[in-house]
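Trainee: Chains U and C, in that order, give the protein sequences. Per my numbering, residue -10 is the first one in the first sequence, and the count goes up by one each step. Per my numbering, residue 904 is the first one in the second sequence, and the count goes up by one each step. In this text, a Cβ means the ideal position worked out from N, Cα and C, and glycines have one as well.
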Amino acid sequence: MDIRRLEPSDIPLIQHANLENLPENYFMKYYLYHALSWPQLSYVAVDVSRPKKSPYDYPKIVGYVLAKMEEEPTDGIQHGHITSLSVMRTHRRLGIAEKLMRQSQLAMVETFGAQYVSLHVRVSNKAAIHLYTKTLGFDQDKTESAYYADGEDAFSMRLDLTSIREQIREAAAAEDADEGEPVGEAGSKTLPVREKDLKKVKVGRGLGVQGLVEKDESKHS
Amino acid sequence: MCISLGVRVLSVCRQSTQYQTRHLLRSEHHLAPPPPPLKYVPTSRLPVSPSPPAPSVCRGSLQCPPVLGPSVQQLSLAAMPQPLSSKENSLFRQVIRNYEEKQYKRGLKAAEQILKKNPKHGDTLAMKGLIINSLGKTDEAFALAKEALTADMKSHICWHVYGILYRHQKNFEEAIKAYKFALKLEPGSPQIQRDLAFLQIQMRDYQGYVQSRTAMLQSKSQLRQNWTALAVAHHLAGDLVQAEKVLTTYEESLKAPPSHADLENSEALLYKNSIIAETGDYQRALDHLQSIAKHNLDRLAVLELRAEYLAKLGKKDEAIKAYRALLDRNSEHPEYYNKLADVMGLGDSDTNARKAIYDEYAQKNPRCDAAKRLPLDFLTGAGRKVADYPTGNDFHDAAKIYLKLMLDKGVPSTFANLKHLYSDPFKKETLQSLAHDYVETAESPAGGGSSDGDLKGKPAGLYYLAQHYNYHLSRDLAKALDFVDKGLVIVPENVEFHMTKARIWKHRGNTRKAAEIMDQARNLDLKDRYINTKAAKYQLRNNETAKALKTMSLFTRNDNANGPLAELIDMQSIWYLTEDGEASVRNGLIGLALKRFHAVYNIFDVWQEDQFDFHSFSLRKGQIRAYVDMIRWEDKLREHPFYTRAALGAIAAYLGIYDSKLAMDEVNGSANGNAEDEAEKKRALKKAKKEAQKAEREAAEQAAKQDPNKPKTSITENVKKDDDPIGLKLASTDQPLVEATKFLLPILQFSPKSIDGQVAGFEVYIRREKYLLALSCLNAAIAIDPTNPVVHEQAVRFRKALTSVAASLPAKVAEVINSEFTAIDASTDLKKYNAGFLEKHKDSAAHVVSTIKIRKLLGEDQKTCEKALFGILDMKSDDWEPAAEALGLFYQWRSSEADAFRKAAEEKWPEVTLFKPPPPPPSTS
C-alpha cells in the first residue's frame, strides 16, 4: 500500500474505483476540478504490490479521498469538505480510509487555513459512520432528508480542526526555537497574525471560478 | 524578449470583456458544469452574471457609445460597413443579450428583424449563425457565417463567429486561422486574443501560445496571472530560462512582499522552484527553496522537494533528517523508506540495517502497515540458518509475524498484498507453509466470523489459502475450492469466500457457474456496489449482456431519461462499456460491440477536451504545478490501458467485417450477395435488435421499480434519440480498415511497447497493403517478444506476401523492405522454418496451434492440419485456452470435425463453458 497525493494521471483509475464502489459518480472533469483547485487535499491509496500487466499500467487505486475547500462558505468560515471517500472492499481493515482522511485534514489546515471539515454520509452506512465518529471524531451535525438520489437521508457531519492547528503551531514554535529565534511569546504572537491573514484569502468567486464550480456541492462520501 | 512594466493598454471596457467572453465563447459542451447535481439546487447557487457599469470612456479603436451594454460594445463596434439605425442598433444589442441568455428563439426573431431592413448586415448574419448553431443546426450556421463574411470581410465579429463555429466543431486548426484573422482586424480585442491563446495551448502550439501570452501580458501587465501564464508558455515550450526570468521580473516589480497567506504567491514561488530544479541545478533549487520555505503554504511539497534536493546534492545528514520528517508525516509511503535507505548509503545486502528503519516506524506507528510489510520485499534467508539473523530478520520469521498479525486481525487484502512475493519460489513456499501452519493452529472465533462479516483467525487463514491456490503461480484449483468449502462451513454467508469461489470457477473456464456464484455473493450484501459490480462483470464474461445491465441498474441513478445504459455512458464507465463490447463480439453482435468501443473512444475525446477550461481556470486558481502535471498527463492520455483495450476490440471487429466481406466476395464473385448469407445476416441483425430492445426495456423497468417516488414524466421528456442504437450503421461501414486505423494510430503512437498493439497494427496494414507500415509493426513486435506465436505467424505471412507482391512494389519500397525485414530471409524455405519453430516450442500448445495455422496457409491439406489440432488435446496442460483457439479454427475452416473436436475438448476439460454443446435455439417468443 502506498498513500500519497493524488496526481492528475491517477484520475481514470480513481473514477474507476468510484464507479465500482459507490452509487454517486462523477465525470472525469469533476475530478480534474478537484485536482486542479486543491491539489493538496486529495489522496490516493495505491496497490503497489500488484504485478504489472503491461508497460503502460497505471498505479492501481484501491482507495481515495476526494476533498475540496468550500468555495463560498455560508457561515463565512473557511472549511474543507469531503466530496467522496472510498476504499475497495478487498482492501478494508487496513485503516486506509482513516489514513487518507488524516493526510487530507492536515493539508486543509496547512494550505487553506481550514477551521473545520464537513461531509455527508448515508444514514444506513454504519461502517462509515463508525469511522467518522469513533475513529476520526466527527460530530453529527444534522440530518438532511432525501439527500441522496435514491431518497436516502444523509447525516451531515463536521470535525473541528483546532487540534491540528495547535500541532502546527507547536511545530512551528519548535522550529523557530531550533533556529535560535525567540520562543514563547514571540512564537505565539506570529500565529494570530497568520490566522487573520488566512481569512483574507480570496476564494471562490473572488478568483473567478464560477465557470467550473459545481453548483451542487451535495456530493457524498 | 522585452516586457516593460509600463505597458498599459488598459481599457476601461475590460470588465465587460470577461462577461462577454464567458458567454460568447462558452460552447455549452465545454462549460457545462461538472456532473449533474444529485439534487436540484435552487438558482441562488448559480453564478450571477456580473453587470458592470457602462464604461464612460473607451480607448483605441473601440468607439462605443456609452448607451450600449458592455458586451455589445465588443461586438458591435468597429468595422461596420452598414451602420444601423439606433433602433436596429438596440435590436442588435438584444440579439447578443438573447444569445448570451440562451433565449435563442427571441434572438433569432430580433436578428431577422434587423435583416429585413439590412439583409447584408454581416454582424447580424454572423450572430444569427451563432444562434442557429446553438440550436443544433451546424450546417446552416456555417452557411450564414460564410454569407456574413461575404457581406463584411472586414468585420472581426464575422471572423470571430466563424472561428467559434469551427471551435464548436472541434476543427481547431480552422478555428485558430479564423481567430487570427479576427485579431488582425481587431488587434486590441482581449477576448479574441484569449480565445486564440486557449486554442493554441489546447493544440500545443507552444510558440503561438508564447506570442499570444506576450501580447496579453503587454495589454494587462498588472495581473500576476498574466505573468505566470507567460512563464507557463515558455516552460511548456521548453524554455526554462525565459520561464524563470518572467517569474522573477514580476517578483521584482512587487513593492511590498505579498501576504504569507497569499496562495497565488505561494504557488508561484514553488512553481518557479520546480522550474529551477528542472534545469538540473539542484544547489540553486535548494537555495531558492530555503528562501521561500518558511511561509510556503504547501508544506508537504516543500518537505519533499527539500529532501529530494538534499539527496541529489549528497548532503547526507540533512537528507536523512528530511526523509525522517517525511516519514513522521506519512509512514505509508514506500518511497520515503527507500530514499532514506539510499541516503543512508544502505545497500541491498544491508538487510539488518534496513529492517531496523522499518522496525522503528512500526513501533512509532502501531497501525502502520507499510513498515511491517515492506521488509518482506528485501528480506531473504533461503537456505541459510535462522541463527545467522537476529530474530525476525529473515524472511521466514518476518513473514510469520506479519501473516499472523494480519490474519488475526482479519485483513482481507493480506494475500493481495503478498502475492507479488510469489515470483520468488522460496518466498512462495514459505508463505504457503506458514499459512497452512496458521490454519492448523488458529482458533475459529466463537460463532464463526465476527458479527460484521469480517474474517478473523482460522477463516482468514482458509481465505488466504483459497486465494493462494487460485493464484496462477501457485495454482491448484481443486485445493482452492476445498479451502473455500472449509471456510464456508464456518462462515456460510461470507461474501469474500463466495467471490473467491466464483473466481476459481472462472479460472476453470466455467463462466456460467462463475457468474452464478458471483451473483450469490451479490445477494449476500445487496447494499454494496462493489460486489454488485463484480456480479455484473461476471455476467458479461458469461455473455449475458441483458442480465448484466439489469444488475448494473440496481446502482445507477434512475433519473436518466435514456435508461441505465445512457447513465453508464454519461458517467464514463469505461470498464462496463469495454466488457459489454467484448461480450457482444462473442455473441456475434458486431454492431453493438462497435457501438460500445466507439463510446469508449468518445470518452477519451471528451477527456482530452476537458482540459480546455482549465487553461484559464488554473491561472485564476493559481495552482500552476498541478496544471502543468495535468497538461503533461493529457499529452499521453491515450496511452492508458483503458484506451488500448477498447481500441483493440474495435480493430479486431473491423478486421472481422473486412475479412467476411472479402470472403463473401470471393464466394460470390462479388456483387449480388449470397442469398443464404444475406438471410443469415438479417436474422442476426433482427436478433441483435430484439436483444438490445429487451435489455433496454428490462433495465428501464428495473430502474423504474427502484424508486417508486420518481415521477414518470422524466422518462419520456427530453429523450435524445440515438439514430443507431445497436450499431447497425457502424457495422455496415464501407471502410472498415479506415475505421480500424483510427483506433490503431493512438496505440502505435502512445503505447508502442504494447505487443498486442503492434500485432493489430500489422493486421490492419497488411490488409491495406501498406507493407512498410506492416513491417514496422512486425519489427516492433519482434523486438518486444520474438518467441510470441502470433508474431511468428505474422513473420511467415509477411515473407509469403512479399513473394507474391514483390514485383509490383516500387523499387524504393522493395529496397527498404529488403534491408529492414531480417527476421526471415528471402531464400528461406518457409515450411522448414515453421517446422523449426515448432521444434523449439513443441511443449507449448499455443505455439503448436500457431504452427498448424501456418501449415495450412502454406498449402498443407486441411485434414492433416485438423489431425494435428486434435494432437494438442494430448498435451499435458491445464490451460484450455489454446484448445479454445483451435476450436475456433475448426469453425473458421468450416470443418466437419468441429463438433468432434469440441466433444474431445469437453471430455478433457468438462468444466469449460466454451466446450459445452451450444444451447438449443431459443423457442420463438
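DSSP has A1405/C in a bridge; who is on the other side?
Mentor: The partner list for A1405/C (beta bridge, DSSP) is empty, contrary to what the question assumes.
Trainee: Kindly provide the ranges of any alpha helix (DSSP H) runs that are 4 or more residues long and lie completely inside the stretch 1033 to 1099 of chain C, ordered along the chain.
Mentor: You should have 1041 to 1054, 1059 to 1071 and 1075 to 1088.
Trainee: Any C-beta of chain U sitting closer than 9 Å to the C-beta of L1172/C?
Mentor: Not closer than 9 Å to any Cβ of chain U, the Cβ of L1172/C fails to qualify, so no.
Trainee: Could you tell me whether the Cβ atoms of Y1212/C and Y1185/C are closer together than 9 Å?
Mentor: Yes, the pair counts as a contact, with Cβ atoms nearer than the cut-off.
Trainee: Please report the straight-line C-alpha distance between G46/U and A1369/C, rounded to a whole angstrom.
Mentor: In the sequence under discussion, the amino acid at residue 46/U is Asp, which differs from the Gly named in the question. When rounded, the distance between both Cα atoms is 27 Å.
Trainee: Identify the residues that DSSP records as bridge partners of F144/U: which are they?
Mentor: BP columns for F144/U point to V110/U and T132/U.
Trainee: Please determine, among P1090/C, P1649/C and E1089/C, the residue with the shortest C-alpha to C-alpha distance to G1660/C.
Mentor: Closest option to G1660/C, Cα to Cα, is P1649/C.
Trainee: With DSSP as the reference, please indicate the residues paired to H70/U in a beta bridge.
Mentor: H70/U pairs with K57/U and S107/U.
Trainee: List in chain order: all unbroken alpha helix (DSSP H) runs of 4+ residues lying wholly within the stretch 12 to 64 of chain U.
Mentor: Listed in chain order, they are 17 to 26.
Trainee: What ranges does the alpha helix (DSSP H) occupy inside the stretch 1690 to 1733 of chain C, keeping only unbroken runs of at least 4 residues that lie completely in it?
Mentor: Runs of the alpha helix (DSSP H) inside the stretch 1690 to 1733 of chain C: 1692 to 1708 and 1714 to 1723.
Trainee: What span of residues does the beta strand (DSSP E) with I(-8)/U cover, start to end?
Mentor: D(-9) to R(-6) is the span of the beta strand (DSSP E), which, as asked, contains I(-8)/U.
Trainee: Is there a Cβ of chain U sitting closer than 9 Å to that of E1809/C, yes or no?
Mentor: No, E1809/C does not count as interfacial toward chain U.
Trainee: CB E1147/C to CB I1179/C, shorter than 9 Å?
Mentor: Contact: yes.
Trainee: Assign P1328/C to buried or exposed, taking buried as 16 or more other Cβ atoms, counted over all protein chains shown, within 10 Å of its Cβ.
Mentor: That one is exposed.
Trainee: Determine which residues of the stretch 1520 to 1545 of chain C have a Cβ less than 7 Å from any Cβ of chain U, and write them out in chain order.
Mentor: Here the close residues are F1520, S1521, R1523, K1524, Q1526, A1529, Y1530, D1532, M1533, W1536, E1542, H1543, P1544 and F1545.
Trainee: At a CB-CB cut-off below 7 Å, which residues of chain C make contact with K88/U?
Mentor: Near K88/U (Cβ distances below 7 Å), the residues of chain C are E1235.
Trainee: Would you say H68/U reaches chain C, if we count a Cβ-Cβ gap shorter than 9 Å as a contact?
Mentor: Not closer than 9 Å to any Cβ of chain C, the Cβ of H68/U fails to qualify, so no.
Trainee: Does chain U have any CB closer than 9 Å to the CB of H1323/C?
Mentor: Yes, because at least one Cβ of chain U sits closer than 9 Å to the Cβ of H1323/C.
Trainee: Which chain C residues sit within Cβ distance under 7 Å of T100/U?
Mentor: Those within 7 Å of T100/U in chain C are L1200 and D1201.
Trainee: Since R1460/C meets chain U, which of its residues come closer than 9 Å, beta carbon to beta carbon?
Mentor: Residues of chain U passing the Cβ test: P12, E13, N14, A138 and D139.
Trainee: My assumption, with CB atoms under 8 Å, is that K1031/C sits in contact with L1047/C. Please give the rounded CB distance.
Mentor: Indeed they touch by this definition, with Cβ atoms about 5 Å apart.
Trainee: Secondary structure at S1162/C, three-state DSSP: helix, strand or coil?
Mentor: Correct three-state label for S1162/C: coil.
Trainee: At what residues does the alpha helix (DSSP H) containing N211/U begin and finish?
Mentor: Coverage of chain U is limited to positions -10 through 210, which leaves residue 211/U absent and any answer about it impossible.
Trainee: For V1398/C, which residues from the same chain have a beta carbon less than 8 Å from its beta carbon, with the 5 sequence-adjacent residues on both sides left out?
Mentor: G1356, A1424, L1427, D1428, D1431 and I1434.
Trainee: Can you give me the Cβ contacts of E99/U inside the same chain, cut-off strictly under 7 Å, excluding the 5 residues immediately before and after it?
Mentor: I157, listed in sequence order.
Trainee: Please list, in chain order, all residues of the same chain as S1780/C whose beta carbon is under 8 Å from its beta carbon, the five residues on each side excluded.
Mentor: Answer for S1780/C: A1748, listed in chain order.
Trainee: Taking C-beta pairs closer than 7 Å, name the residues in chain U that V1314/C reaches, listed in chain order.
Mentor: The answer, in chain order, is R82 and L83.
Trainee: Using the DSSP secondary-structure output, state which residues sit across from D149/U in a beta bridge.
Mentor: Answer by DSSP bridge pairing, in chain order: Y105/U.
Trainee: Could you tell me the boundaries of the alpha helix (DSSP H) in which N1426/C lies?
Mentor: Here the alpha helix (DSSP H) through N1426/C covers T1414 to L1427.
Trainee: Who are the Cβ neighbours of K1215/C in its own chain at under 7 Å, not counting the five residues just before and after it?
Mentor: Y1185, listed in sequence order.
Trainee: Quick check on the DSSP output: the alpha helix (DSSP H) that includes M1309/C runs from which residue to which?
Mentor: From DSSP, the alpha helix (DSSP H) with M1309/C extends over F1298 to K1312.
Trainee: Put S75/U into one of helix, strand or coil per three-state DSSP.
Mentor: Residue state, collapsed to three classes: strand.
Trainee: Which of helix, strand or coil does DSSP assign to M1474/C?
Mentor: Residue state, collapsed to three classes: coil.
Trainee: Using a 10 Å radius around the Cβ and a threshold of 16 neighbouring Cβ atoms, would you call N1721/C buried or exposed?
Mentor: Exposed: under 16 other Cβ atoms inside 10 Å.
Trainee: Between which two residues does the alpha helix (DSSP H) containing V1432/C stretch?
Mentor: Just to set this straight, residue 1432/C is Arg in the shown sequence, not Val. Taken as a continuous stretch (DSSP letters only), the alpha helix (DSSP H) holding R1432/C covers R1432 to R1444.
Trainee: Do you know how far the Cα of A1085/C is from the Cα of V54/U?
Mentor: Spanning the two alpha carbons is a distance of roughly 45 Å.
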